[in-house]
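Undergrad:
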Amino acid sequence: MAGKTEATKTLEQSFYADGQQQPSADLPPLAAAFLIVFDLKVGYTIAWKRNIDGVNLDGVVEFKSLPSGLHNIKEDLVYFVHDEYAGVSAFENSPATEAERNAHFVAVGILVPLSYGRLGRSWLYDEQLRQLARALVNDTKNIQPLEGFWEEHRSQDATSSSFPASSPSTNRNDGSITTQPNGGRRKRALSTLTTLATPGRALPQSHPILSMPKYIDTFGPLLFPLHRAALLRKRILLVTHPPVRLACEFVYDISALSTISSALAEDLPPEANQFARSTPLFAVGVHDIPLITSLAKAAVSKDGETTGGWIACTTDEILAIKKELYDIVVQLPNGSPRRWPTIKTSAGEEIKATQRDLRRWRTLQLALEISATQANTDEENDRAVHDDEDEGAGLLSRRHAGFDGTHDQTEYDSIIEPTSWSALAYSGFMWWASAGERDATLDQEAEQDAQLNGDLEHAPPPPSPERYRDEPNEEANGEPVEAPTGVDSTLHMELLAYFHRYTHQILTAATGAIDSESGGHTDGNEDSDEEITVGDDDLCRMGLDAWSEHDRAFVVELMEKYYGRRAVVKGAGIECCGIRIC
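Numbered per full-length UniProt numbering, the sequence shown finishes at 582, counting up by one with no gaps.
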């Protein structure tokens with residue numbers, strides 16, 4: 001059972017601080033609240049609003065709160081970012097007369113300071129906003145509930161003590177990021193977040209990180225190339241269909257999983273601190289093109305290299321056509337549990353998982369299935385499995401029974417790089433040279449992946465999604481269903497730790513490769529013009545595929561971005577008498 005490193009403990013503290021359940025009086029203060037309705041003549045308009053001084057809403061929140069296509073669904077939650085504020089809006093669609101285009105559309109939303117976290121803990125208001133939207137969808141003139149909501153939760157003024165005095169970062173209007181003095185991001189991660197950390201292991205049922213099992217299930221082996229792209233701080237755009245809540249939560253997941261801990265950052269060159277995390281933008285649309293363009297300009301250094309990245313989702317497919325706006329586009333499957341997402345570069349090249357990623361995924365998958373199997377004796381879990389089967393089930397859910405460690409390769413053919421001829425030749429040569437014995441490299445990989453798993457096998461599975469995600473106040477047999485006050489986050493914490501161990505594995509092996517050629521120094525004093533040779537053993541220590549051209553290209557970019565070093569990466573091959581054959 002793998003022990004927890006100091007880096008993992010710090011990340012846990014940050015995770016719980018961001019997800020701390022607090023009483024109503026301690027909810028993040030509102031910088032703004034608003035009601036958006038659909039007008040037959042002018043479209044979506046702000047029917048009611050309240051805001052503190054300096055917060056602009058007109059011409060902004062009505063577009064951010066209502067992504068394209070939302071009118072085709074009954075309800076949704078939308079997360080977004082506006083200047084230095086995080087926003088969330090609850091959308092509600094109710095039948096109406098033909099004269100009113102057969103529907104009433106409303107959205108009730110808020111803005112809170114980003115200084116409270118990736119979403120400013122705005123999701124703590126989710127259920128209140130949904131209730132307000134349901135109450136107002138057919139009676140938008142009754143603004144008394146909105147006035148009471150605003151007066152209860154509003155910030156007294158923009159400079160009041162209700163806003164933290166030292167925010168780790170502030171998003172400026174021009175898209176750049178400014179770091180606060182006196183230690184900035186790192187000191188807050190080690191001090192303030194430690195103070196705020198919740199001692200228990202329960203999270204509010206509205207926390208976006210609770211979508212992580214669904215995120216794992218949706219991407220499968222593609223988790224790993226997407227994670228590496230996030231580590232390189234690429235501009236990642238997820239294209240989805242309404243509803244957008246899950247895609248917004250996936251943005252949160254990618255950002256959280258690819259964050260570099262302050263403890264690990266201390267072992268990197270100081271210049272690498274700017275890559276500690278990507279900027280999550282959540283839902284964006286055509287109206288955000290100027291913002292995305294300004295971010296791109298602000299993130300380009302003098303030598304033309306991209307220094308920062310962001311992650312966002314959209315229902316406007318026109319953004320995917322504007323390839324200069326992003327580096328990576330992810331097309332999420334439309335409601336089919338048997339389809340994988342498609343990941344492409346802005347140049348149109350499809351990104352697939354490597355054979356090494358597939359082996360790592362199977363080990364992760366086995367740990368998750370063992371966890372689920374151990375809980376099958378619980379009556380409530382049995383009900384959840386039954387519900388999943390009725391709905392078509394997810395990729396992981398379909399495999400819980402009879403897992404033997406292997407799967408039909410055709411299941412992954414569309415998303416896995418084919419085995420290269422060199423790898424096939426090497427595999428055949430090693431089988432012949434070892435008289436059919438198992439390759440020792442595979443044993444090392446298996447041990448490496450088992451260490452990544454940590455305590456996943458012993459983590460209880462999360463409740464059925466229907467029990468804490470959708471319609472918590474929906475009536476069953478005439479009786480209201482009580483929403484749980486908290487969700488056991490053990491599995492989510494273990495998954496978070498898993499990807500932070502993977503990040504730690506990559507970066508510590510990269511540091512080691514530089515140390516071996518620089519006399520043990522990575523403090524920036526070595527000659528940055530000197531090329532670093534990265535061999536196949538280094539790639540294996542990073543958990544990468546020594547046969548994959550894409551993984552070798554990843555290392556070259558990683559060395560340049562994080563360490564400012566040029567790297568020559570030598571992958572695996574077959575040599576005979578000192579001559580490389582393939």
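Glycine residues also receive a C-beta, built at the ideal position from the N, C-alpha and C atoms. Please read these numbers as outputs of a predicted model, since none were measured by experiment.
#1: Look up G43 in the DSSP assignment and say whether it is helix, strand or coil.
#2: Let me know the alpha helix (DSSP H) ranges lying completely inside the segment 270-351, each 4 residues or longer, listed in chain order.
#3: Tell me where the beta strand (DSSP E) around I254 begins and ends.
#4: Considering only C-alpha positions, which residue in the set Q144, L27, S68, D357 is nearest to V239?
#5: Below 8 Å CB to CB, which residues in the same chain sit around A247 once its five sequence neighbours on both sides are set aside?
#6: Can the beta-carbon of V106 be found closer than 8 Å to that of V37?
#7: How is Y412 classed by DSSP in three states: helix, strand or coil?
#8: Does the Cβ-Cβ distance between G486 and P28 come in under 8 Å?
#9: Taking the beta carbon of R235 as the centre, do at least 16 other beta carbons fall within 10 Å, making it buried, or is it exposed?
#10: Tell me where the alpha helix (DSSP H) around H153 begins and ends.
#11: Check whether the segment 107-125 touches the segment 78-92, counting contact only when three or more Cβ pairs, one atom from each stretch, lie closer than 8 Å.
#12: Could you tell me which uninterrupted beta strand (DSSP E) segments, each at least 3 residues in length, are contained entirely in the segment 40-99, listed from first to last along the chain?
#13: Where do the ends of the alpha helix (DSSP H) carrying H550 lie?
#14: Whole angstroms is fine: what's the gap from D217's alpha carbon to E369's?
#15: Helix, strand or coil for R398? Go by DSSP, reduced to three states.
#16: Return the CA-CA distance between E151 and L129, expressed in angstroms with no decimal places.
#17: So, helix, strand or coil for D529, using DSSP?
#18: Out of K214, L295, I143, K322, state which residue places its alpha-carbon closest to the alpha-carbon of D83.
#19: Within the same chain, show all residues whose beta-carbon is closer than 6 Å to that of A446, passing over the 5 residues directly before and after it, in chain order.
#20: Taking 8 Å as the cut-off, decide whether the C-beta atoms of R118 and Y252 are in contact.
#21: State the Cα-Cα distance for the pair L257 and R154, rounded to the nearest angstrom.
#22: Between E531, A367, M559, R552, which has its C-alpha nearest L491's C-alpha?
#23: I'd like to confirm the pairing. Which residues does DSSP put opposite D488 in its beta bridges?
#24: Can you tell which of L210, G454, A265, I292 has its C-alpha closest to the C-alpha of T363?
#25: What residue does the alpha helix (DSSP H) around A265 start on, and which one ends it?
#26: Note down the Cα distance separating H207 from Y85, rounded to an integer number of angstroms.
#27: Would you tell me roughly how many angstroms separate the C-alpha atoms of S161 and G54, rounded to the nearest one?
#28: For the candidate residues H458, L66, F275, whose alpha-carbon lies nearest to that of M493?
#29: Can you tell me where the beta strand (DSSP E) holding L129 begins and where it ends?
#30: Near N72, which residues of its chain fall below 8 Å by C-beta distance, leaving aside the five closest residues on each side in sequence?
#31: Whole angstroms are fine: how far does the CA of Q144 sit from the CA of V330?
#32: Could you tell me the alpha carbon to alpha carbon distance between D536 and A353, rounded to whole angstroms?
#33: Between the alpha carbons of E411 and Y44, how many angstroms are there, rounded?
#34: Give every residue of the same chain whose Cβ lies closer than 7 Å to the Cβ of D39, excluding the five residues on either side of it in the sequence, and list them in chain order.
#35: Looking at the secondary structure, which residues open and close the alpha helix (DSSP H) in which Q227 lies?
#36: Helix, strand or coil: which one does DSSP assign to L544?
TA: With the given structure in hand:
#1: Counting from one through the sequence shown, the residue named residue 43 turns up at place 43. Strand at G43.
#2: Listed in chain order, they are 289-298, 318-321.
#3: In the sequence shown, the residue the question calls residue 254 occupies position 254. For I254, no beta strand (DSSP E) segment is defined; the enclosing uninterrupted segment is the alpha helix (DSSP H) at 245-257.
#4: Position 239 of the sequence shown, counted from the first residue, corresponds to residue 239. It is S68 whose Cα lies nearest to the Cα of V239.
#5: Locating residue 247 in the sequence shown gives position 247, counting from the first residue. Same-chain partners within the cutoff: L238, T240, A283, C313, L332.
#6: Taking the sequence shown and counting its residues from 1, the one referred to as residue 106 is at position 106. Taking the sequence shown and counting its residues from 1, the one referred to as residue 37 is at position 37. In this structure, V37 lies closer than 8 Å to V106 by Cβ.
#7: Here residue 412 refers to the residue found at position 412 when the sequence shown is read from its first residue. Reduced to three states, the DSSP call for Y412 is coil.
#8: To locate residue 486, count along the sequence shown from 1; it is residue 486. To locate residue 28, count along the sequence shown from 1; it is residue 28. No; because the gap between Cβ atoms is not below 8 Å, this pair is not in contact.
#9: Here residue 235 refers to the residue found at position 235 when the sequence shown is read from its first residue. That one is buried.
#10: What you label residue 153 is simply residue 153 of the sequence shown in a count that begins at 1. Its alpha helix (DSSP H) spans residues 144-153.
#11: As far as the Cβ criterion goes, the segment 107-125 touches the segment 78-92, which means the pair count is three or higher.
#12: Listed in chain order, they are 43-51, 75-82, 85-95.
#13: Counted from its first residue, the sequence shown places residue 550 at position 550. Here the alpha helix (DSSP H) through H550 covers 549-563.
#14: Within the sequence shown, the letter at position 217 stands for residue 217. Within the sequence shown, the letter at position 369 stands for residue 369. Rounded to whole angstroms, D217 to E369 spans 12 Å at the Cα level.
#15: Indexing the sequence shown from 1 puts residue 398 at position 398. Note that R398 scores 38 on pLDDT, short of 50, meaning its location in the model is unreliable and no value can be drawn from it.
#16: Translated into positions along the sequence shown, residue 151 becomes position 151. Translated into positions along the sequence shown, residue 129 becomes position 129. Separation of E151 and L129 (C-alpha to C-alpha, rounded to the nearest whole angstrom) is 15 Å.
#17: Walking along the sequence shown from the start, residue 529 turns up at place 529. DSSP places D529 in coil when its eight states are reduced to three.
#18: Position 83 of the sequence shown, counted from the start, is the residue given in the question as residue 83. Minimum Cα-Cα distance from D83 among the listed residues K214, L295, I143, K322 corresponds to L295.
#19: By one-based count along the sequence shown, residue 446 stands at place 446. Answer for A446: no residue qualifies.
#20: Along the sequence shown, read from residue 1 onward, the residue named residue 118 stands at position 118. Along the sequence shown, read from residue 1 onward, the residue named residue 252 stands at position 252. Yes, Cβ-Cβ distance for R118 and Y252 is below 8 Å.
#21: On the sequence shown, residue 257 is found 257 positions in, with the first residue counted as 1. On the sequence shown, residue 154 is found 154 positions in, with the first residue counted as 1. When rounded, the separation of the alpha-carbon atoms in L257 and R154 is 32 Å.
#22: Reading the sequence shown from its first residue, position 491 is the one you call residue 491. With distances taken between Cα atoms, L491 lies closest to A367.
#23: Here the question's residue 488 lines up with position 488 in the sequence shown. Residue pairing by DSSP places D488 opposite A202 in a beta bridge.
#24: If you number the sequence shown from 1, residue 363 lands on position 363. Ranking L210, G454, A265, I292 by Cα distance to T363 puts G454 first.
#25: Indexing the sequence shown from 1 puts residue 265 at position 265. DSSP places A265 inside the alpha helix (DSSP H), whose first and last residues are 262-265.
#26: Start at 1 with the first residue of the sequence shown, and residue 207 comes out as number 207. Start at 1 with the first residue of the sequence shown, and residue 85 comes out as number 85. Going from the Cα of H207 to the Cα of Y85 covers about 18 Å.
#27: For the purposes of this step, residue 161 is taken as the residue at position 161 of the sequence shown. For the purposes of this step, residue 54 is taken as the residue at position 54 of the sequence shown. Annotation note: pLDDT 32 at S161 (below 50); position unreliable, coordinate value reported separately. So the alpha carbons of these two residues sit roughly 17 Å apart.
#28: Indexing the sequence shown from 1 puts residue 493 at position 493. That would be H458, whose Cα lies nearest to the Cα of M493.
#29: The count along the sequence shown starts at 1 and reaches residue 129 at position 129. Under the DSSP assignment, L129 falls outside any beta strand (DSSP E), being part of the alpha helix (DSSP H) whose first and last residues are 126-136.
#30: In the sequence shown, counting from the first residue as 1, residue 72 sits at position 72. Within the same chain, N72 has close Cβ partners P242.
#31: For this step, residue 330 is matched to residue 330 along the sequence shown. For this step, residue 144 is matched to residue 144 along the sequence shown. Counting only the Cα atoms, Q144 lies some 42 Å from V330.
#32: Stepping through the sequence shown from its first residue, residue 536 is reached at position 536. Stepping through the sequence shown from its first residue, residue 353 is reached at position 353. The straight-line gap from Cα to Cα measures roughly 18 Å.
#33: Translated into positions along the sequence shown, residue 411 becomes position 411. Translated into positions along the sequence shown, residue 44 becomes position 44. Distance between the alpha carbons of E411 and Y44 is about 44 Å.
#34: Taking the sequence shown and counting its residues from 1, the one referred to as residue 39 is at position 39. Only T45 meet the Cβ criterion.
#35: Sequence index remark: in the sequence shown, residue 227 carries index 227 (1-based). Here residue 227 turns out to be His, not Gln, going by the sequence shown. Taken as a continuous stretch (DSSP letters only), the alpha helix (DSSP H) holding H227 covers 223-231.
#36: Locating residue 544 in the sequence shown gives position 544, where the first residue counts as 1. Here DSSP, grouped into helix, strand and coil, assigns L544 to coil.
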